[in-house]
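Q: If you scroll down you'll find the structure; I have some questions about it.
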Amino acid sequence: MEIKVLGPLSAHVHGTSVVPSAAKPRQILALLALQADHVVTVPTLMAEIWGERIPRSASTTLQTYILQLRRRIAAGLAGDPTRSAKDVLVTQFGGYLLRVQPGQVDVQEFEQLVADGRFAYDAGDYRTASRLLGDALNLWHGPALVDVRAGSVLELEVLRLEENRMAALERRIEADIRLGRHAEVVPELRVLTARHPMHERFCAQFMLALHRSGGAWRALEAYQRLRGALVTELGLEPSPSLRQLHHAVLSGDTALDERTAGVAYGGA
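Numbering (UniProt numbering), first residue to last: 1 to 268.
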């Protein structure tokens, strides 16, 4: 089974799609896919589908949804004598488990690439870190599970994935800056700071990249835009580390690169 959740939900068995059109079975498949090879309990599935208003018929209805999913999986397995649908969508004590092979779920591949990229970064191998984290980010094809109606459980899972994506993006840009790719990351950071006007890490990276590529005045502009957004929306001033970076750019501090690197790199 090949499963993709980093974008629209996609699941194929031998080339046959097993994604149902009905909303609730799609939620179940999405949640099982995110927790592939781990048991998802019946109460968790019920909470996702019905929230706090779980009907008396919930147990029977859930079993019906599982049966529908197994029928779709069985259609994809037609002609495969080695497996049955129950071998893929497994009933376990207290819940269900979607059994997959390594590399068949894009979110698992994403998380492994991110872990490897962080390890390379921490070891000072910024070139490898940039490549691995870039490969991880390239697995995304839009917001996670963009075409699946999310209940309370999936909402948290999608939020966790998006936070991991942002962290991987920040670290990949940090690796590129460490490699001296300042001019290359400026266009990307210009878009990111426009999309996330109160994101201090992106602003710090943008300022540092602009400064190192000869655009100190643009770095000052970037700071003022972020400060304006923070003050207007939250009534807050930028963090001390970002103010330090701003002061260093403003004063033309020749020690800017060495002394303030921790602002953009989070102290890495």
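Positions of the beta carbon are idealized from the N, C-alpha and C atoms, including for glycine. The model shown is predicted, which means the values in this text are computed figures rather than measured ones.
#1: Rounded to whole angstroms, what's the CA-CA distance from residue 263 to residue 238? Just pull it up for me.
#2: Can you give me the C-alpha to C-alpha distance between residue 186 and residue 57, rounded to a whole angstrom?
#3: Nearest by alpha-carbon distance to residue 145: which of 72, 13, 16, 28 is it?
#4: According to the neighbour-count rule (16 or more other Cβ atoms, all chains shown, within 10 Å of its Cβ), is residue 206 buried or exposed?
#5: Would you mind sorting residue 124 into buried or exposed? The rule is 16 or more other CB atoms within 10 Å of its CB.
#6: Assuming residue 39 contacts residue 94 (C-beta within less than 8 Å), just tell me the rounded distance between them.
#7: Check this for me: beta carbons of residue 242 and residue 204, under 8 Å apart or not?
#8: Out of curiosity, what's the CA-to-CA distance linking residue 105 and residue 33?
#9: Examine the Cβ distances between the region 64–75 and the region 83–101 and report whether three or more of them are shorter than 8 Å.
#10: List, from N- to C-terminal side, the beta strand (DSSP E) runs of 3 residues or more that fit wholly inside the region 121–156.
#11: Would you decide whether residue 79 is buried or exposed? Buried here means 16 or more other CB atoms lie within 10 Å of its CB.
#12: Pull up the CB-CB distance for residue 126 and residue 169, whole angstroms please, since I reckon it's below 8 Å.
#13: Exposed or buried, what is residue 147 when buried is set at 16 or more other beta-carbons lying within 10 Å of its beta-carbon?
#14: Put residue 58 into one of helix, strand or coil per three-state DSSP.
#15: Between residue 19 and residue 9, is the Cβ-Cβ spacing less than 8 Å?
#16: Measure from the alpha carbon of residue 113 to the alpha carbon of each residue in 101, 100, 99, 128, then state which is nearest.
#17: Using the Cβ count rule (16 or more neighbours within 10 Å means buried), how would you classify residue 119?
#18: Could you tell me the distance, in whole angstroms, from the CA atom of residue 250 to the CA atom of residue 215?
#19: Going by DSSP, which residues form a beta bridge with residue 4?
#20: Is it buried or exposed, residue 35, if we count other Cβ atoms within 10 angstroms and call 16 or more buried?
#21: Can you find the residues in the same chain that come closer than 7 Å, C-beta to C-beta, to residue 110, ignoring five residues on each side of it along the sequence?
#22: Look at the Cβ atom of residue 209, then the Cβ atom of residue 189, and state whether they are nearer than 8 Å.
#23: For residue 244, report the span of its alpha helix (DSSP H) as first-last.
#24: Give me the residue from 222, 98, 51, 47 with the minimum Cα distance to residue 66.
#25: Can you tell me the Cβ-Cβ gap for residue 246 and residue 223, rounded? I've got them flagged as a contact below 8 Å.
#26: Rounded to the nearest angstrom, how far is the Cβ of residue 51 from that of residue 152, given a contact under 8 Å?
A: So, from the listed chains and residues:
#1: Note on residue 263: pLDDT 46, under 50, position unreliable in the model; no value is reported.
#2: 56 Å
#3: 28
#4: That one is buried.
#5: exposed
#6: 7 Å
#7: yes
#8: 7 Å
#9: yes
#10: none
#11: Classification for residue 79: exposed.
#12: Rounded, the Cβ-Cβ distance is 15 Å, inconsistent with contact.
#13: exposed
#14: The answer is helix: DSSP assigns residue 58 an H, G or I state.
#15: Yes.
#16: 128
#17: exposed
#18: 12 Å
#19: DSSP lists 10 as the bridge partner or partners of residue 4.
#20: Buried.
#21: Answer for residue 110: 6, 136, 139, listed in chain order.
#22: yes
#23: From DSSP, the alpha helix (DSSP H) with residue 244 extends over 240–250.
#24: 98
#25: 5 Å
#26: 6 Å
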